Amino acid sequence: VVLLKFDYWSGVLGPVMAVLMAAGSVAALLVLFRRVAANRKVTGEVASIVRHDALNIVEVGIQLEGRWAGHDAGQFAFVTLHEDEGPHPFTISSAWTGDGRIQFIIKALGDYTRTLADRLRVGNPVTVEGPYGRFNFQGESPRQIWVGGGIGITPFISRLKTLARQGDGKAIDLFHTTAVYDAEAIGLLERDAQAANIRLHVLWDERDGWLDAERIRQTVPDWRDADVWFCGPAGFGQALKRDLTALGLPGARFHQELFEMR
Numbered sequence: 004v005v006l007l008k009f010d011y012w013s014g015v016l017g018p019v020m021a022v023l024m025a026a027g028s029v030a031a032l033l034v035l036f037r038r039v040a041a042n043r044k045v046t047g048e049v050a051s052i053v054r055h056d057a058l059n060i061v062e063v064g065i066q067l068e069g070r071w072a073g074h075d076a077g078q079f080a081f082v083t084l085h086e087d088e089g090p091h092p093f094t095i096s097s098a099w100t101g102d103g104r105i106q107f108i109i110k111a112l113g114d115y116t117r118t119l120a121d122r123l124r125v126g127n128p129v130t131v132e133g134p135y136g137r138f139n140f141q142g143e144s145p146r147q148i149w150v151g152g153g154i155g156i157t158p159f160i161s162r163l164k165t166l167a168r169q170g171d172g173k174a175i176d177l178f179h180t181t182a183v184y185d186a187e188a189i190g191l192l193e194r195d196a197q198a199a200n201i202r203l204h205v206l207w208d209e210r211d212g213w214l215d216a217e218r219i220r221q222t223v224p225d226w227r228d229a230d231v232w233f234c235g236p237a238g239f240g241q242a243l244k245r246d247l248t249a250l251g252l253p254g255a256r257f258h259q260e261l262f263e264m265r
């Protein structure tokens, strides 16, 4: 409801308000009937489910039936696995190969994701909206440093698979920090890193302690020339950025995934 004096409608303000009200009504109808980003939505079904209970994660493979425009490593999508829960944002962990298959690695962080592995079944219908995000690994420097904290390793897995298919010539060090050491998951990560010709450094908190700027500086001598890409706990990323920039890294070269939705 818009309340205006009658005289205003006959002046310049009247037509302006009429246009704004019409636009608002159209937008409301689009939201009401779920037509927002309709051209980015495709349907499919769950094709595979792999549980890693020690890490509290589940890998979900989806076979898309609609036309998916493709995605870049580091992007995410809104995925509806159960209609009663609606869409949830998850980072895509697979490279795009054009076969309609995409994969997500989902960690049990909230009420819904904690029960997801038990509720999912192969063949369940899925709706995927996306892709979104600009965590795209694009930078001018020929040297990159990646830091994936916990489940924050997901966009880097996608990038590793992409580089294994088509390298970009950059020298890259990947640091993966984890509170739980799962030999099978680490083995898969090592395989992907080797295929992509990436130097991998796995730090298990209990064994290796925390990753900090000093350890990065000691491990990567030319770190000042690198673009740093970080995905993980926000506080961890902020501390790394603060310390690296204090040591001389240009702030514009530190790229942090701000994807905090649950």
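Following the working numbering, the numbering of the sequence shown begins with 4 at its first residue and continues without gaps. The beta-carbon is built from N, C-alpha and C at its ideal position, and this holds for glycine as well. These figures come from a predicted structure and were not determined experimentally.
For Arg70, there is no enclosing alpha helix (DSSP H), as DSSP marks it with neither H nor E.
Between Phe81 and Gly133, the C-beta spacing is below 9 Å. One thing to note: Val63 has its Cβ within 9 Å of the Cβ of Gln106. For Asp171, no pairing in a beta bridge is given by DSSP. Contact between Gly152 and Gly235 holds, with the beta-carbon distance rounding to 2 Å and staying under 8 Å. Beta-bridge annotation (DSSP): Lys110 is paired with Ile60.
Residue range 91 to 94 is occupied by the beta strand (DSSP E) that includes Thr94. Inclusion of Asp208 and Asp246 in the CB contact set at 9 Å is not warranted, their separation being larger than that value. Pairing Asp176 with Ile201 gives a Cβ-Cβ distance under 9 Å. The DSSP-derived three-state label of Phe239 is helix. DSSP lists Phe79 as the beta-bridge partner residues of Tyr135. Taking His55 as the centre and dropping the five residues before and after it, the same chain places the C-beta of Val61, Glu62, Asp185, Glu187, Ala188 closer than 8 Å to its C-beta, in chain order.
The same chain holds no residue with a CB closer than 6 Å to that of Gly212 once the five nearest residues on each side in sequence are set aside.
Between Thr130 and Thr94, the C-beta spacing is not below 9 Å.
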